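Undergrad: If you scroll down you'll find the structure; I have some questions about it.
Residue numbers (this note's numbering), protein chains in the order written: chain D, 5 to 171; chain A, 5 to 171.
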């Protein structure tokens, strides 16, 4: 292990690469426009009410619409979704055109939900706070669609990975 | 995929099992006592300042000491650490005795850091808020020790897993 070093931007970025995370696409929609972004900064919070925390950069294209609608759908990606994860983190192809109608079906709320993800969680943003360049959204889950038999897509050290149970 | 259903406690628990997460042990220490707990509710927040979000149940043994010291060490576990993850989530064996001196070396701050984890991030809690039974801690990283060549331990669907890069 390296010796203890005071944190620097480089060391912190290295550290974050070492935190494995399930890959999600968080979506929102308003006035016929749909937006979404790939992220791993999603974690469970409370069972009662059923909440998760989602951290979104205020510069992200979908951020302002999420704040305006107070509604997002958190989609957990499956291991077959590497291209979709890349599409929703692309800087060149943005906006509603990312949503292939064959792959996405709206929740009753109107939020875009991926048909073949492990979970599509339709959420209301019930609290928000600001830290640095990011908003921290506390998201209360209102409705769900699940595919519990699927395998997840995980991001670690700048690579997409699948899981292997430890015997 | 299942049809859309309004959320219930059961459906929400099922959903959370489908979110893969890197396994961490978050530790703290005060007056010679050391506490720690296994968790996956850790996610990155901002690069500037370098922060992560950590969500801790207020009933967790380490919660009150974390609030009192405003200091925690977030340790990212390696795939060899299944037994350690189980030890720090055990309800029968608690307290300082969990910390084998051969495996743990304090950071300069006094926070217990795992020698063989992927990362030991020594943090100050700079903000806290309450949601349901949990505290949401915004943790600013002050110092780090890294083992970037290690493989992470991941939790998914009540199993410990290791990663396999997708070719």
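Every residue gets a Cβ at the ideal spot worked out from N, C-alpha and C, and that includes glycine.
Quantities reported herein were computed from a predicted structural model and do not represent experimental measurements.
(1) Checking 8 Å against the spacing of the C-beta atoms, do residue 127 of chain A and residue 78 of chain A come in under that value?
(2) Once DSSP output is grouped into helix, strand and coil, what is the label at residue 3 of chain A?
(3) Residue 9 of chain A touches chain D at which residues, Cβ-Cβ below 9 Å?
(4) Just the chain A side, please: which residues come within less than 9 Å of residue 98 of chain D by C-beta, in chain order?
(5) Three Cβ pairs or more, each shorter than 8 Å: is that satisfied between the segment 108-117 of chain A and the segment 66-77 of chain A?
(6) Measuring straight from C-alpha to C-alpha, what distance separates residue 147 of chain A and residue 120 of chain A?
(7) Below 8 Å between beta carbons is the criterion; list the residues of the segment 127-140 of chain A that meet it against any residue of chain D, in chain order.
(8) Whole angstroms are fine: how far does the CA of residue 22 of chain A sit from the CA of residue 160 of chain D?
(9) Could you tell me whether the Cβ of residue 32 of chain A comes closer than 8 Å to any Cβ of chain D?
(10) Return the residues of the segment 57-84 of chain A that lie within a Cβ-Cβ distance of less than 7 Å from chain D, sorted by chain order.
(11) Measuring only between beta-carbons, confirm whether residue 105 of chain A sits less than 8 Å from chain D.
(12) Taking 6 Å as the limit between beta carbons, can you name the residues of its chain near residue 123 of chain A, skipping five residues before and five after?
(13) Is residue 115 of chain A close to chain D? Criterion is C-beta to C-beta, closer than 8 Å.
(14) Do the segment 157-171 of chain D and the segment 31-42 of chain A make contact, defined as three or more Cβ pairs closer than 8 Å?
(15) What runs of the alpha helix (DSSP H), each 4 residues or longer, lie entirely inside the segment 15-95 of chain A?
(16) Under 8 Å between the Cβ atoms of residue 49 of chain D and residue 140 of chain A?
(17) Are the segment 95-103 of chain D and the segment 14-28 of chain A touching, with three or more C-beta to C-beta distances below 8 Å?
(18) Where does residue 123 of chain A sit, in a helix, a strand or coil, going by DSSP?
(19) Of all the CB atoms in chain D, is at least one closer than 8 Å to the CB of residue 163 of chain A?
(20) Is there at least one Cβ from chain A nearer than 8 Å to residue 90 of chain D's Cβ?
(21) Starting from residue 167 of chain A, follow its DSSP beta bridges and name the residues at the other end.
(22) At a CB-CB cut-off below 7 Å, which residues of chain A make contact with residue 95 of chain D?
(23) Do you know offhand how far residue 6 of chain D's Cα is from residue 56 of chain A's?
(24) Starting from the beta carbon of residue 15 of chain D, find every residue of chain A whose beta carbon is closer than 8 Å, and list them in chain order.
TA: Looking at the atomic coordinates:
(1) For the purposes of this step, residue 127 of chain A is identified with residue 123 of the second chain, where counting begins at 1. For the purposes of this step, residue 78 of chain A is identified with residue 74 of the second chain, where counting begins at 1. Closer than 8 Å, so yes.
(2) Here chain A covers residues 5 to 171 and nothing more, so residue 3 of chain A does not appear.
(3) Here residue 9 of chain A refers to the residue found at position 5 of the second chain. Under the 9 Å cutoff, chain D gives 147, 148, 149 and 150.
(4) Numbered from 1 along the first chain, position 94 holds the residue referred to as residue 98 of chain D. Within 9 Å Cβ-Cβ: nothing; residue 98 of chain D doesn't reach chain A, min ~22 Å.
(5) The segment 108-117 of chain A vs the segment 66-77 of chain A: in contact.
(6) Locating residue 147 of chain A in the second chain gives position 143, counting from the first residue. Locating residue 120 of chain A in the second chain gives position 116, counting from the first residue. When rounded, the distance between both Cα atoms is 16 Å.
(7) The segment 127-140 of chain A vs chain D, Cβ under 8 Å: 131, 133, 135, 136, 137, 138 and 140.
(8) In the first chain, residue 160 of chain D corresponds to position 156, counting from 1. In the second chain, residue 22 of chain A corresponds to position 18, counting from 1. The straight-line gap separating the alpha-carbon atoms of residue 160 of chain D and residue 22 of chain A is approximately 17 Å.
(9) Along the second chain, one-based indexing puts residue 32 of chain A at 28. Not closer than 8 Å to any Cβ of chain D, the Cβ of residue 32 of chain A fails to qualify, so no.
(10) Interface annotation for the segment 57-84 of chain A against chain D: 57, 59, 80 and 83, criterion Cβ-Cβ distance under 7 Å.
(11) Here residue 105 of chain A is taken as the residue at index 101 of the second chain, counted from 1. Cβ-Cβ to chain D under 8 Å: no for residue 105 of chain A.
(12) Taking the second chain and counting its residues from 1, one reaches residue 123 of chain A at position 119. If we look at residue 123 of chain A and ignore the five residues flanking it on each side, its Cβ neighbours are 80 and 150.
(13) Counting from one through the second chain, the residue named residue 115 of chain A turns up at place 111. Not closer than 8 Å to any Cβ of chain D, the Cβ of residue 115 of chain A fails to qualify, so no.
(14) Short answer: they don't touch.
(15) Counting only unbroken stretches of 4 or more residues, the alpha helix (DSSP H) elements lying wholly within the segment 15-95 of chain A are 67-73 and 86-91, in sequence order.
(16) Reading the first chain from its first residue, position 45 is the one you call residue 49 of chain D. Reading the second chain from its first residue, position 136 is the one you call residue 140 of chain A. Contact annotation: residue 49 of chain D and residue 140 of chain A have beta-carbon atoms nearer than 8 Å.
(17) The count of Cβ pairs closer than 8 Å, one atom from the segment 95-103 of chain D and one from the segment 14-28 of chain A, stays below three, leaving the stretches out of contact.
(18) Start at 1 with the first residue of the second chain, and residue 123 of chain A comes out as number 119. In the structure shown, residue 123 of chain A sits in a strand (DSSP, three-state: E or B).
(19) Within the second chain, the letter at position 159 stands for residue 163 of chain A. The beta carbon of residue 163 of chain A sits closer than 8 Å to some beta carbon of chain D.
(20) What you label residue 90 of chain D is simply residue 86 of the first chain in a count that begins at 1. Answer no: the Cβ-Cβ gap between residue 90 of chain D and chain A never drops below 8 Å.
(21) Reading the second chain from its first residue, position 163 is the one you call residue 167 of chain A. As computed with DSSP, residue 167 of chain A is found in a beta bridge with D:167.
(22) Mapped onto the first chain, residue 95 of chain D falls at position 91. Chain A residues near residue 95 of chain D: none, gap ~17 Å exceeds 7 Å.
(23) Indexing the first chain from 1 puts residue 6 of chain D at position 2. Indexing the second chain from 1 puts residue 56 of chain A at position 52. The alpha-carbon atoms of residue 6 of chain D and residue 56 of chain A are separated by roughly 21 Å.
(24) Numbered from 1 along the first chain, position 11 holds the residue referred to as residue 15 of chain D. Going along chain A in sequence order, the residues near residue 15 of chain D (Cβ under 8 Å) are 148 and 150.
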